[in-house]
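Asker:
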Amino acid sequence: MRFSLLALACATTALPALADEINVYSHRQPELIQPLVDAFTAETGITVNVAFVDKGMAERLVAEGARSPADLVLTVDIARLQQIVDAGVTQPVQSDVLEANIPADLRDAEDHWFGLTSRARIVYASVDRVAEGEVTTYEDLADPKWKGRVCIRSGTNDYNVALTAAMLAHHGVEETRAWLEGVKANLARKPEGGDRDQVKAIAAGQCDIAVGNTYYIGQMLNDPEQKEAAEAVRILFPIFEGAGTHLNVSGVAMTKAAPNRENALKFMEWLSSDEAQRIYAETNHEFPVKPEVAKSALVASWGTFTPDPMPLTDVAKLRPDALKLIEEVNFDG
1259 MRFSLLALAC ATTALPALAD EINVYSHRQP ELIQPLVDAF TAETGITVNV AFVDKGMAER
1319 LVAEGARSPA DLVLTVDIAR LQQIVDAGVT QPVQSDVLEA NIPADLRDAE DHWFGLTSRA
1379 RIVYASVDRV AEGEVTTYED LADPKWKGRV CIRSGTNDYN VALTAAMLAH HGVEETRAWL
1439 EGVKANLARK PEGGDRDQVK AIAAGQCDIA VGNTYYIGQM LNDPEQKEAA EAVRILFPIF
1499 EGAGTHLNVS GVAMTKAAPN RENALKFMEW LSSDEAQRIY AETNHEFPVK PEVAKSALVA
1559 SWGTFTPDPM PLTDVAKLRP DALKLIEEVN FDG
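FYI, the numbering for the sequence shown is 1259 to 1591, going by our numbering.
In structure tokens form, the structure reads like this:
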């Protein structure tokens, strides 16, 4: 029996446990995980049905309850992972393989979620108009010298909310509010688009620096239509004053309903394997979470950095407060 993406996306009744299938709700773009799905199916014969769920994943799983067809959730951002866990729709997974492959600081202490990749929230800087060392901290983004020179996507985007939550964890409410107001005052245009659009804006001369995730540069450099724009910027790894560079994760969790639990666990464990981690590194330009797997040559060429030691779970807890501050300063207005 085979289920189309449409059928899976619309399913509201429990599916039978099938020997050769698993069902995944994914917040990740389909093209980013298809190479992983293809490799897993080729190795195991297990078909992975993926339904792309852009918004309301936790709410959907709550509504479906025990009837949910989903075995696993794949998503980006620690806050999204924690939100799904807090909704009570996941189950703990005990696995020696996952514990051996994924460092403890990149998985849930109660075994509800497991990080699969990490990425840094960094600064894209114009090769021609910004010198090395001009931006060394996230706090620098609020410096008046950048007035009219900064681009960024919506402040309420998950990645920017997480960055703001980390700023809150380091500096508290008032300093974070002042930082948000300072960054807003420096914007060259209203927040818009995605991270790739910020790179294109720098290449077009609309701004000189922007905030984005590392892996987008790798994807753009491998896209003939976007390569020229990507070559117009360099990657800078800012830090929080006295700390390190902000990291976030993509991760996986098993749903409480999980009609195909055994095969779902096989997929989770495989995603932490050397082969899957290499695919993440080479195809998606993300940082592998398994320490033994090297970064891609391209990613390694960007240089080294010191990760922020702030626990991701501490950052996730501050997400509501961060979003409130972003809205209070009307960052996107």
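The beta carbon of each residue, even a glycine, is placed where N, CA and C say it ideally should be.
Leaving out five residues before and five after Ala1515 in sequence, what residues of the same chain have Cβ atoms less than 6 Å from its Cβ?
Answerer: In the sequence shown, counting from the first residue as 1, residue 1515 sits at position 257. Ala1324 and Ser1326.
Asker: With distances taken Cα to Cα, identify the nearest neighbour of Val1334 among Thr1305, Glu1301 and Pro1288.
Answerer: Counted from its first residue, the sequence shown places residue 1334 at position 76. Ranking the options by Cα distance to Val1334, first place goes to Pro1288.
Asker: Just the C-alpha distance for Met1526 and Ala1358, rounded to the nearest angstrom, thanks.
Answerer: For the purposes of this step, residue 1526 is identified with residue 268 of the sequence shown, where counting begins at 1. For the purposes of this step, residue 1358 is identified with residue 100 of the sequence shown, where counting begins at 1. In a straight line, the C-alpha of Met1526 is about 13 Å away from that of Ala1358.
Asker: Whole angstroms is fine: what's the gap from Gly1346's alpha carbon to Val1385's?
Answerer: By one-based count along the sequence shown, residue 1346 stands at place 88. By one-based count along the sequence shown, residue 1385 stands at place 127. Straight-line Cα distance between these residues: approximately 47 Å.
Asker: Quick check on His1370 - is its C-beta less than 7 Å from some C-beta in chain D?
Answerer: Judged by its chain identifiers, the structure shown contains no chain D, having just a single protein chain.
Asker: Per DSSP, what are the beta-bridge partners of Asn1471 in this structure?
Answerer: Against the sequence shown, residue 1471 aligns to sequence position 213. When DSSP reads this structure, Asn1471 sits in a beta bridge with Arg1379.
Asker: If you measure between the beta carbons of Val1507 and Ile1336, is that distance less than 7 Å?
Answerer: Within the sequence shown, the letter at position 249 stands for residue 1507. Within the sequence shown, the letter at position 78 stands for residue 1336. Yes; because the gap between Cβ atoms is below 7 Å, this pair is in contact.
Asker: Do Thr1299 and Ala1511 come within 7 Å of each other at the CB atom, strictly closer than that value?
Answerer: If you number the sequence shown from 1, residue 1511 lands on position 253. If you number the sequence shown from 1, residue 1299 lands on position 41. Cβ atoms of Ala1511 and Thr1299: not closer than 7 Å.
Asker: Leaving out the 5 sequence neighbours to the left and right, which residues in its chain are closer than 6 Å to Ile1304 when beta-carbon positions are compared?
Answerer: Position 46 of the sequence shown, counted from the start, is the residue given in the question as residue 1304. Cβ within range, chain order: Asp1278 and Asn1521.
Asker: By how many angstroms is the C-alpha of Leu1576 removed from the C-alpha of Gly1373?
Answerer: Locating residue 1373 in the sequence shown gives position 115, counting from the first residue. Locating residue 1576 in the sequence shown gives position 318, counting from the first residue. The straight-line gap from Cα to Cα measures roughly 19 Å.
Asker: Using beta-carbon positions only, say whether Ala1468 and Ile1475 come within less than 7 Å of one another.
Answerer: The residue labelled residue 1468 in the question sits at position 210 within the sequence shown. The residue labelled residue 1475 in the question sits at position 217 within the sequence shown. Result no, Cβ atoms of Ala1468 and Ile1475 do not sit closer than 7 Å.
Asker: Taking the continuous beta strand (DSSP E) assigned at Arg1492, which residues delimit it?
Answerer: Against the sequence shown, residue 1492 aligns to sequence position 234. It spans Val1491 to Leu1494 - the beta strand (DSSP E) in which Arg1492 sits, taken as one unbroken run.
Asker: Could you tell me whether the stretch 1570-1585 touches the stretch 1422-1430, using the rule of 3 or more Cβ pairs below 8 Å?
Answerer: The stretch 1570-1585 is in contact with the stretch 1422-1430.
Asker: Name the two residues that bound the continuous beta strand (DSSP E) containing Met1315.
Answerer: By 1-based counting over the sequence shown, the position of residue 1315 is 57. It is not in any beta strand (DSSP E) - Met1315 instead sits in the alpha helix (DSSP H) that spans Met1315 to Glu1322.
Asker: Is Trp1404 helix, strand or coil by DSSP?
Answerer: Here residue 1404 corresponds to residue number 146 of the sequence shown, with the count starting at 1. In this structure, Trp1404 counts as helix in the three-state DSSP scheme.
Asker: Who are the near neighbours of Gly1509 in its chain, counting only those whose CB is closer than 7 Å to its CB and skipping five residues on each side?
Answerer: Locating residue 1509 in the sequence shown gives position 251, counting from the first residue. The residues Thr1333, Leu1339, Trp1371, Phe1372, Gly1373 and Leu1374, in chain order, have a CB closer than 7 Å to that of Gly1509 in the same chain once the five nearest residues on each side in sequence are set aside.
Asker: What three-state label does DSSP hand Ile1342 in the structure shown?
Answerer: For the purposes of this step, residue 1342 is taken as residue 84 along the sequence shown, with counting starting at 1. Note: Ile1342 maps to helix in three-state DSSP.
Asker: Which residue comes first and which comes last in the beta strand (DSSP E) that contains Leu1330?
Answerer: Stepping through the sequence shown from its first residue, residue 1330 is reached at position 72. Leu1330 -> beta strand (DSSP E) spans Leu1330 to Val1334.
Asker: Looking at the secondary structure, which residues open and close the beta strand (DSSP E) in which Ile1280 lies?
Answerer: For the purposes of this step, residue 1280 is identified with residue 22 of the sequence shown, where counting begins at 1. Unbroken beta strand (DSSP E) run through Ile1280: Glu1279 to Ser1284.
Asker: Output the boundary residues of the alpha helix (DSSP H) element that contains Ser1559.
Answerer: Position 301 of the sequence shown, counting from 1, holds the residue named residue 1559. From DSSP, the alpha helix (DSSP H) with Ser1559 extends over Ala1555 to Ser1559.
Asker: Is there contact between the stretch 1407-1414 and the stretch 1441-1452, where contact requires at least three CB pairs shorter than 8 Å?
Answerer: yes
Asker: Which same chain residues end up closer than 6 Å to Gly1497 when comparing Cβ atoms and leaving out the 5 residues on each side of it in sequence?
Answerer: Counting from 1 along the sequence shown, the entry for residue 1497 is found at position 239. For the sequence presented, residue 1497 should be read as Ile rather than Gly. Cβ within range, chain order: Thr1395 and Thr1503.
Asker: What is the DSSP secondary structure of Ile1291, counted as helix, strand or coil?
Answerer: Locating residue 1291 in the sequence shown gives position 33, counting from the first residue. Residue state for Ile1291 is assigned as helix, using DSSP reduced to three classes.
Asker: Taking the beta strand (DSSP E) that Ala1309 falls in, what are its first and last residues?
Answerer: Taking the sequence shown and counting its residues from 1, one reaches residue 1309 at position 51. Start and end: Thr1305 to Phe1310.
Asker: Secondary structure at Leu1374, three-state DSSP: helix, strand or coil?
Answerer: Along the sequence shown, read from residue 1 onward, the residue named residue 1374 stands at position 116. In the structure shown, Leu1374 sits in a strand (DSSP, three-state: E or B).
Asker: Compare the C-alpha of Ser1376 against each of Ala1383, Leu1294 and Ile1360 and name the closest.
Answerer: Counted from its first residue, the sequence shown places residue 1376 at position 118. Among Ala1383, Leu1294 and Ile1360, the Cα nearest to that of Ser1376 is on Ile1360.
Asker: State the CB to CB distance for the pair Ala1446 and Arg1407, rounded to an integer number of angstroms; the pair is presumed to be in contact (CB under 8 Å).
Answerer: Locating residue 1446 in the sequence shown gives position 188, where the first residue counts as 1. Locating residue 1407 in the sequence shown gives position 149, where the first residue counts as 1. Rounded, the Cβ-Cβ distance is 6 Å, consistent with contact.
Asker: Can you give me the Cβ contacts of Gln1464 inside the same chain, cut-off strictly under 7 Å, excluding the 5 residues immediately before and after it?
Answerer: On the sequence shown, position 206 is the one that residue 1464 refers to. Cys1409, Ala1446 and Arg1447, listed in sequence order.
Asker: If distances are taken between C-alpha atoms only, which option among Ile1493, Leu1583 and Asn1281 comes closest to Gln1456?
Answerer: Within the sequence shown, the letter at position 198 stands for residue 1456. When each option's Cα is compared against that of Gln1456, the closest is Ile1493.
Asker: Please name the residue in Lys1582, Thr1472, Gln1484 and Asp1532 whose C-alpha comes closest to that of Ala1462.
Answerer: Start at 1 with the first residue of the sequence shown, and residue 1462 comes out as number 204. Out of Lys1582, Thr1472, Gln1484 and Asp1532, Gln1484 has the C-alpha closest to the C-alpha of Ala1462.
Asker: Mark Gly1470 as exposed unless 16 or more other C-beta atoms lie within 10 angstroms of its C-beta, in which case mark it buried.
Answerer: Along the sequence shown, read from residue 1 onward, the residue named residue 1470 stands at position 212. Gly1470 comes out buried.
Asker: Give the DSSP-derived three-state secondary structure of Arg1411 in the structure shown.
Answerer: Position 153 of the sequence shown, counting from 1, holds the residue named residue 1411. It is coil, neither helix nor strand.
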